[in-house]
Amino acid sequence: MQKVVLFGNSLVMSSIGASLQGCAGLQVMPVDAAMHNAAQRLGVLQPDIVIFDLATVRSDFAIALWKAQPDVLLIGVDLATKQALVLSGQPTRALTTEDLLQVIQRHQDNAEPQKEPNKA
Numbered sequence: 322m323q324k325v326v327l328f329g330n331s332l333v334m335s336s337i338g339a340s341l342q343g344c345a346g347l348q349v350m351p352v353d354a355a356m357h358n359a360a361q362r363l364g365v366l367q368p369d370i371v372i373f374d375l376a377t378v379r380s381d382f383a384i385a386l387w388k389a390q391p392d393v394l395l396i397g398v399d400l401a402t403k404q405a406l407v408l409s410g411q412p413t414r415a416l417t418t419e420d421l422l423q424v425i426q427r428h429q430d431n432a433e434p435q436k437e438p439n440k441a
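Just so we're aligned, residue 322 is where the sequence shown starts under the working numbering, counting upward by one.
What follows is the structure, encoded as structure tokens:
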């Protein structure tokens with residue numbers, strides 16, 4: 322079972338929590354970002370995934386948590402743009418220029434605009 326922390330108490334986090342609550346294989350736990358010991362609480366919980374609202378959580382939160390818990394999958398959601406920012410601690414080899422070019426190419430391939438299906 323994967324531990325999923327919903328970091329923050331925004332309406333977005335509440336909605337996501339309600340949607341994920343019934344999903345098999347997920348243990349969903351809310352953590353109030355305003356708590357004075359919120360970062361310590363995350364350390365104790367050792368989640369596999371942390372989902373947070375990009376509009377309400379400080380911008381340095383994700384990098385600090387990623388450094389403290391490099392195996393955690395961080396998902397920042399932005400309701401206004403309907404996008405998610407995903408940070409994964411899964412390393413990739415980047416020892417040579419060729420390795421870096423492959424990372425850049427994969428990023429570029431993923432950034433290509435997706436065509437919407439024809440609407441009839």
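Using N, Cα and C, we set each Cβ at its ideal position, and we do this for glycine too.
Look at Leu422 here: in three-state DSSP terms it is helix. Contact between Val398 and Ile370 fails: their C-beta atoms lie close to 12 angstroms from each other, not under 8 angstroms.
Just so you know, the alpha carbons of Leu406 and Ser380 end up roughly 12 angstroms apart.
Between Gly329 and Leu347, the alpha-carbon positions lie close to 18 angstroms from each other.
For Met350, the uninterrupted beta strand (DSSP E) run begins and ends at Leu347 to Val352, by DSSP. Counting the other CB atoms within 10 Å of its CB gives Ile425 a total below 16, which places it among the exposed residues. Counting along the chain, Lys388 sits inside no beta strand (DSSP E); it lies in the alpha helix (DSSP H) bounded by residues Phe382 to Ala389. With fewer than 16 other CB atoms across the displayed protein chains lying within 10 angstroms of its CB, Val365 is exposed. As a beta-bridge residue in DSSP terms, Gln323 pairs with Leu347. Taking a 10 Å sphere around the C-beta of Pro391, we find fewer than 16 other C-beta atoms and assign the residue as exposed.
Between the beta-carbon of Leu341 and that of Met334 there is about 10 angstroms, and that puts the pair past the 8 angstroms contact cut.
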